[in-house]
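Enquirer: Sharing a structure below in structure tokens format, with a few things to ask.
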Amino acid sequence: MPALTRWSPLSRYPLTESLSKFMPTAGNAGKKPVFVSESLCDDILQRLSPYLLRNRPLDILDLWPGPGLFSSKINDLLKPRRHVLVEPDLKKFKDFLEPLAQSRSCYELVSTKIQTEKDWGPALLSKHFPEQGPSCTDNSGPLPRNDTLLVLASPPPPTSTKDHFTVSRWFMTLMEACLQQRQLNTYGSVRLLVSVGAKDAKTILPSLIHERQRPAILTEQAARHAFLVAATDDSASGDWAFQKQYDILRDGAARVAQRASEAGVVTPVEREFSLSTLELAPDGSLVGKIPAPYQPRIKTAQHEKYIAAFQAFDNARPESPDYDKLRRARNRAFTRLNQENRQAYARKLVVDKYAQLDELNKSISRLAADQTTKLTDFDPVIKEIEAVEESIAEWMSEHHFDTSRAVPYLVDDRLASLHSGSFDDAVLLWDRRPFEPLLIGSEEIYPRETSKCLLYFEADPNAYAARKLQQLTPEQRYIAYDALEAYTLSLTGLQIHTIKNVTDCLFPALTTNEIIKAIPSLAQYASKRPKADFDSLPRTVHHNPEYKIPPLPSSLKTQDPVYCYQENLDYNLSSVRSRVLPISTLWDLFAKYATDCDPKQHSIVQLTRYFGGTVTTARGGIWLSDE
4 MPALTRWSPL SRYPLTESLS KFMPTAGNAG KKPVFVSESL CDDILQRLSP
54 YLLRNRPLDI LDLWPGPGLF SSKINDLLKP RRHVLVEPDL KKFKDFLEPL
104 AQSRSCYELV STKIQTEKDW GPALLSKHFP EQGPSCTDNS GPLPRNDTLL
154 VLASPPPPTS TKDHFTVSRW FMTLMEACLQ QRQLNTYGSV RLLVSVGAKD
204 AKTILPSLIH ERQRPAILTE QAARHAFLVA ATDDSASGDW AFQKQYDILR
254 DGAARVAQRA SEAGVVTPVE REFSLSTLEL APDGSLVGKI PAPYQPRIKT
304 AQHEKYIAAF QAFDNARPES PDYDKLRRAR NRAFTRLNQE NRQAYARKLV
354 VDKYAQLDEL NKSISRLAAD QTTKLTDFDP VIKEIEAVEE SIAEWMSEHH
404 FDTSRAVPYL VDDRLASLHS GSFDDAVLLW DRRPFEPLLI GSEEIYPRET
454 SKCLLYFEAD PNAYAARKLQ QLTPEQRYIA YDALEAYTLS LTGLQIHTIK
504 NVTDCLFPAL TTNEIIKAIP SLAQYASKRP KADFDSLPRT VHHNPEYKIP
554 PLPSSLKTQD PVYCYQENLD YNLSSVRSRV LPISTLWDLF AKYATDCDPK
604 QHSIVQLTRY FGGTVTTARG GIWLSDE
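Here the numbering used here is used: the first residue of the sequence shown is 4, the next is one more, and so on.
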């Protein structure tokens, strides 16, 4: 009996028999995994039904439907007015799609190129969806929405390594068009249900703050809901979980479970997945010359190799010729495991110091708002801050780069997840997910041994970015968009901006105090010191009325001054990286730049250079022609 390969058909999934006849030789079409399990499709639609069963009548634009199994399932659920199947590779999938299109009058099968932006613009809507028009627009919020159109998409991967137009970039163009009400969003923002690979899902919905780049920020600025509905095991966890501090990972997963429970979300047993239940790395804390307390962390493939080395030695007989070799391999594995644990412990100690520093800076804000505080009352806090800063500098000088290089990532992850003290206000959409993704079985997609995720997006009609844009003139909106573009293009390289770097690029003539007075939401990220004439200055605090300010920990009725501007303090933004800023604060910066900027002096090319961003020749040519 021949060995099973990723292309072998499986009797339990009859669709694989038909697909196996052409997909292994189908070029790019064969690289894209498709759903072959009806029960998986049913579970996905059960999970999504509260988001989809909302509006009648409904049209469905189905891009790259492939064999059409998921398309037929969603048609059964939603019973759309029109369901247009657009498949560029119709020659390969016509045996599946033509019978499907003939099964109901609502279907229309189209084979056309849909690679560039112009291929899915208003012309496509007017040609295939005559009912789509201004009457479909809901203008109840700053960002118009169109609940009468649902877009399904399963875009293929790039045709070659030289093709830079990845699925995440395709998705990014939709996010740009969403806020600007272009292309498919001409009559309001539409809902999206998109099939992507693990790498693209990680780009659109990153789980680590240092991976938050342009596609993620463009998604955040418009999203009301953006989450993974389902994912293969590697897509849902992967090595990224090892890169987070375990307590952040555990507590975040617990909050997700709580949200799901409160919403009454029920997950079939075979679809359950929780980061908090992943296996932990083996304990190597008590071996080696320098023991350290065991640090919980997610087990990776490397740990499996260590365990295999331990077991191989334990099972070996002393008289075996390989006994000494296995013992050396066991000892090397113990040494590496112990070193990894010591590094994790050392990082925990310094990350705790950064958290202590953050709390001390918050205490300065609270002291400064107290009517009874005198200038001398700050001395003990300032001395403690200086001592902590000195101990951090000493730690950095004593530890090897292999240990210290991960510290900024851990510090920023913690700050981005808990900048308000709650995961519900986390910067990343991943940390705010309503539930864990449903687990996709390894045999439920074809070809196997691939990754697949299903992502749902729905725009927020009251999106903060849309509200800020509404306050600007048309000319200022273009400048704000340019600032967003220049900043996000700089995130793809090795640039690691501090907040001070960003404000210096946008507002070179303003002091940090003046900037925070205009944008009080920056105050929580600044280090603070009382002004020399503190005793004669008022204790008033200023905040943006568009923000909900958390209360003081000691009083639920008093707003926490940590999140406000105080004129009796001096601020410094040079020690915190800009990647931790929430999308609302970023848009505060871009909107202020647009209102302060002289349009005649504005240049997106120059601004991008200030940020250190890189652009393609095509994009640069468009900019220069516009200027």
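Here a beta-carbon is modelled for each residue, glycine too, at the ideal position from N, C-alpha and C.
1) Residue ranges of each beta strand (DSSP E) run of no fewer than 3 residues wholly in the segment 532 to 595, ordered along the chain?
2) Using C-beta distances below 6 Å, list every residue in its chain close to Met4, excluding the 5 sequence neighbours before and after it, in chain order.
3) Ile499 by DSSP, collapsed to three states: which one?
4) Flag this pair as yes or no: are the beta carbons of Asp463 and Arg227 separated by less than 7 Å?
5) Give the list of continuous beta strand (DSSP E) stretches no shorter than 3 residues that lie fully inside the segment 75 to 108.
6) Using beta-carbon positions only, say whether Lys116 and Pro133 come within less than 7 Å of one another.
7) For Glu447, is the classification buried or exposed, using 16 other Cβ atoms within 10 angstroms of its Cβ as the cut-off for buried?
8) If the criterion is Cβ atoms closer than 7 Å, does the pair Val565 and Lys365 meet it?
9) Output the boundary residues of the alpha helix (DSSP H) element that contains Ile251.
10) Which residue marks the beginning of the alpha helix (DSSP H) containing Phe614, and which one marks its end?
11) I'd like to check one pair, Pro440 with Ala156: are the Cβ atoms closer than 7 Å?
12) Which residues in the same chain as Asp141 place their Cβ atom closer than 8 Å to its Cβ, once the five residues preceding and following it in sequence are excluded?
13) Return the residue from the list Lys76, Leu81, Asn58 that minimises the CA-CA distance to Val39.
14) Of the choices Val410, Arg300, Ala349, Pro299, whose alpha-carbon is the least far from that of Ile293?
15) In whole angstroms, what is the alpha-carbon distance linking Val391 and Val384?
16) Looking only at DSSP bridge pairs, what is Tyr490 linked to?
17) Given a cut-off of 7 Å, decide if Leu278 and Pro299 are closer than it, judged by their beta-carbon atoms.
18) Relative to the alpha-carbon of Asp203, which residue among Cys456, Ala468, Ser420 has its alpha-carbon at the smallest distance?
19) Could you pull the start and end residues of the alpha helix (DSSP H) that Thr515 belongs to?
20) Do you know whose CA, among Glu214, Ala295, Ser210, lies nearest Ala655's CA?
21) Measuring alpha carbon to alpha carbon, tell me which of Lys503, Val410, Cys181, His213 ends up nearest Gly124.
22) If you pair each beta-carbon of the segment 591 to 609 with each one of the segment 477 to 486, do three or more pairs fall below 8 Å?
23) Beta-carbon separation of Glu12 and Ser23 under 7 Å?
24) Cα-Cα, which of Ser524, Ala419, Ala104 is closest to Leu252?
25) My understanding is that Ala319 touches Pro437, with C-beta atoms under 8 Å, so please give their C-beta distance in whole angstroms.
26) Ignoring anything shorter than 4 residues or poking outside the segment 400 to 465, list the alpha helix (DSSP H) runs there in chain order.
Expert: Result, derived from the coordinates:
1) Taking only runs of at least 3 residues, the beta strand (DSSP E) segments lying wholly in the segment 532 to 595 are 558 to 562, 572 to 575.
2) In the sequence shown, the residue the question calls residue 4 occupies position 1. Bear in mind that the predicted position of Met4 carries a pLDDT of just 48, short of 50, making it too unreliable to give a figure here.
3) Translated into positions along the sequence shown, residue 499 becomes position 496. Ile499: coil per DSSP, three-state reduction.
4) By one-based count along the sequence shown, residue 463 stands at place 460. By one-based count along the sequence shown, residue 227 stands at place 224. Yes. Within cutoff.
5) The beta strand (DSSP E) runs lying completely inside the segment 75 to 108 and spanning 3 residues or more are 85 to 89, given in chain order.
6) Looking up residue 116 in the sequence shown gives position 113. Looking up residue 133 in the sequence shown gives position 130. Cβ distance not < 7 Å, so Lys116 and Pro133 don't count as in contact.
7) By 1-based counting over the sequence shown, the position of residue 447 is 444. Glu447 should be labelled buried.
8) The residue you call residue 565 lines up with position 562 of the sequence shown. The residue you call residue 365 lines up with position 362 of the sequence shown. Taking 7 Å as the Cβ cut-off, Val565 and Lys365 qualify as a contacting pair.
9) Translated into positions along the sequence shown, residue 251 becomes position 248. From DSSP, the alpha helix (DSSP H) with Ile251 extends over 249 to 265.
10) As a position in the sequence shown, residue 614 is number 611, starting the count at 1. Here the alpha helix (DSSP H) through Phe614 covers 607 to 614.
11) For this step, residue 156 is matched to residue 153 along the sequence shown. For this step, residue 440 is matched to residue 437 along the sequence shown. Not a contact, by the Cβ cut-off of 7 Å.
12) Along the sequence shown, one-based indexing puts residue 141 at 138. Hits under 8 Å: Pro147, Arg148, Asn149, Asp150, Gly191, Pro464.
13) For this step, residue 39 is matched to residue 36 along the sequence shown. Comparing Cα-Cα distances from Val39 to each of Lys76, Leu81, Asn58, the minimum goes to Lys76.
14) What you label residue 293 is simply residue 290 of the sequence shown in a count that begins at 1. Among Val410, Arg300, Ala349, Pro299, the Cα nearest to that of Ile293 is on Ala349.
15) Counting from 1 along the sequence shown, the entry for residue 391 is found at position 388. Counting from 1 along the sequence shown, the entry for residue 384 is found at position 381. Going by the C-alpha atoms only, they are around 11 Å apart.
16) Here residue 490 corresponds to residue number 487 of the sequence shown, with the count starting at 1. Partner(s): none; Tyr490 has no beta bridge.
17) For this step, residue 299 is matched to residue 296 along the sequence shown. For this step, residue 278 is matched to residue 275 along the sequence shown. No, the pair does not count as a contact, with Cβ atoms beyond the cut-off.
18) Within the sequence shown, residue 203 is the residue found at index 200, counting from 1. Cα-wise, what sits closest to Asp203 is Cys456.
19) Taking the first residue of the sequence shown as position 1, residue 515 is located at position 512. Here the alpha helix (DSSP H) through Thr515 covers 515 to 521.
20) Nothing can be reported for residue 655, as the shown portion of the chain is limited to 4 through 630.
21) Indexing the sequence shown from 1 puts residue 124 at position 121. Restricting attention to Lys503, Val410, Cys181, His213, the CA atom closest to the CA of Gly124 is found in Cys181.
22) With the cut-off at 8 Å, the segment 591 to 609 and the segment 477 to 486 touch.
23) Counting from one through the sequence shown, the residue named residue 12 turns up at place 9. Counting from one through the sequence shown, the residue named residue 23 turns up at place 20. For clarity, residue 12 is Pro in the given sequence; the question names Glu instead. Going by C-beta atoms, Pro12 is nearer than 7 Å to Ser23.
24) Working through the sequence shown from its first residue, we reach residue 252 at position 249. Just measuring C-alpha positions, the residue of Ser524, Ala419, Ala104 sitting nearest Leu252 is Ala419.
25) Your numbering for residue 319 matches position 316 in the sequence shown. Your numbering for residue 437 matches position 434 in the sequence shown. That pair is no contact at about 50 Å.
26) 404 to 407, 410 to 420
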